[in-house]
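J.:
In our numbering, the protein residues as written are 958 to 1199.
Spelled out as structure tokens, the structure:
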């Protein structure tokens, strides 16, 4: 697997951003942090700004976003592109990047992508035997018809040799965003808490999370948090490893 793709996948898992009006990290600002286009719309705009005092080089890339075996995966695609893919942002200046769905294939269901916006290190800042840290934003991008079935989440929990794994299965056609995820036993013992964004469960996909604590097979779990605009609540019985 190409190293660039490995980096992109790691960023999607580690650096997913919540949908807000503007995201800022250091001296790189982008908005919006969620792109959700309904057919026939096939283009969107991203604003990139460098609020600091120095210009910066920025790379913009798009990947198809799928979930395999309960984990996020990014795959190369040419169905959606960013224009321009490289830019130099002057301090205090807004730059517009166009996000374009180029494929002529009609939208079927909800298509999911990740837009990676990377600040690139300046050559003058590179020093021997030093790693230069840069800023990355990972932005969800969706294209849909708007008539997909809403998310329908079913929970399961399996006790494996590596511990307890909680899985959300989305039988609907739209993604489900989870925040402030709390997993407890039926008696109220806290097993896992994720403040803020816990992740997305894409349509017709599954997403999994490890859960700490000793829980016997057959035990009941209570799962709660915030979904797309409203709280959610679910339950699951712990199953032994198959």
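Glycine is no exception: its CB is placed at the ideal position from the N, C-alpha and C atoms.
Within the same chain, show all residues whose beta-carbon is closer than 6 Å to that of residue 999, passing over the 5 residues directly before and after it, in chain order.
T.: Same-chain partners within the cutoff: 1058.
J.: Taking buried to mean at least 16 other C-beta atoms within 10 Å of its own C-beta, is residue 1171 buried or exposed?
T.: By the 10 Å Cβ count, residue 1171 comes out exposed.
J.: Contact between the segment 1032-1042 and the segment 1004-1014 is defined here as three or more beta-carbon pairs at a separation below 8 Å; is this criterion met?
T.: The segment 1032-1042 is not in contact with the segment 1004-1014.
J.: Considering residue 1068, what are the terminal residues of the beta strand (DSSP E) in which it resides?
T.: Where residue 1068 is concerned, the enclosing beta strand (DSSP E) stretches over 1068-1077.
J.: Taking the beta strand (DSSP E) that residue 1188 falls in, what are its first and last residues?
T.: Residue 1188 -> beta strand (DSSP E) spans 1188-1197.
J.: Determine contact between the segment 1018-1025 and the segment 1066-1081, defined as no fewer than three beta-carbon pairs at a distance below 8 Å.
T.: The segment 1018-1025, when compared against the segment 1066-1081, does touch it at the 8 Å Cβ threshold.
J.: Who are the Cβ neighbours of residue 983 in its own chain at under 7 Å, not counting the five residues just before and after it?
T.: Unreliable positioning characterises residue 983 in this predicted model, as indicated by a pLDDT of 49, which lies under 50. A coordinate reading is not provided.
J.: Taking the C-alpha atoms as reference points, what is the distance between residue 1174 and residue 1124?
T.: The straight-line gap from Cα to Cα measures roughly 15 Å.
J.: Give the secondary structure of residue 989 by DSSP, where H, G and I count as helix, E and B as strand, and everything else as coil.
T.: Correct three-state label for residue 989: coil.
J.: Should residue 1098 go down as buried or exposed, given a rule of 16 or more other Cβ atoms within 10 Å for buried?
T.: When all chains shown are included, residue 1098 counts as buried.
J.: Which same chain residues end up closer than 6 Å to residue 1165 when comparing Cβ atoms and leaving out the 5 residues on each side of it in sequence?
T.: Correct list, in chain order: 1027, 1122, 1124.
J.: Mind checking residue 1193: buried by the 16 CB within 10 Å criterion, or exposed?
T.: Per the 10 Å Cβ criterion, buried.
J.: If you drop the 5 nearest sequence neighbours on each side, which residues of the same chain put their C-beta closer than 6 Å to that of residue 1159?
T.: So the list reads 1024, 1069, 1132, once near-sequence residues are dropped.
J.: Which class does residue 1008 belong to by DSSP, given the choice of helix, strand or coil?
T.: Of the three classes helix, strand and coil, the one that applies to residue 1008 here is coil, per DSSP.
J.: Among 985, 986, 996, which one has its Cα closest to the Cα of residue 1104?
T.: Of the listed residues, the one whose Cα sits closest to residue 1104 is 996.
J.: Provide the residue span of the beta strand (DSSP E) that contains residue 1097, from first to last.
T.: Note, residue 1097: beta strand (DSSP E), 1093-1101.
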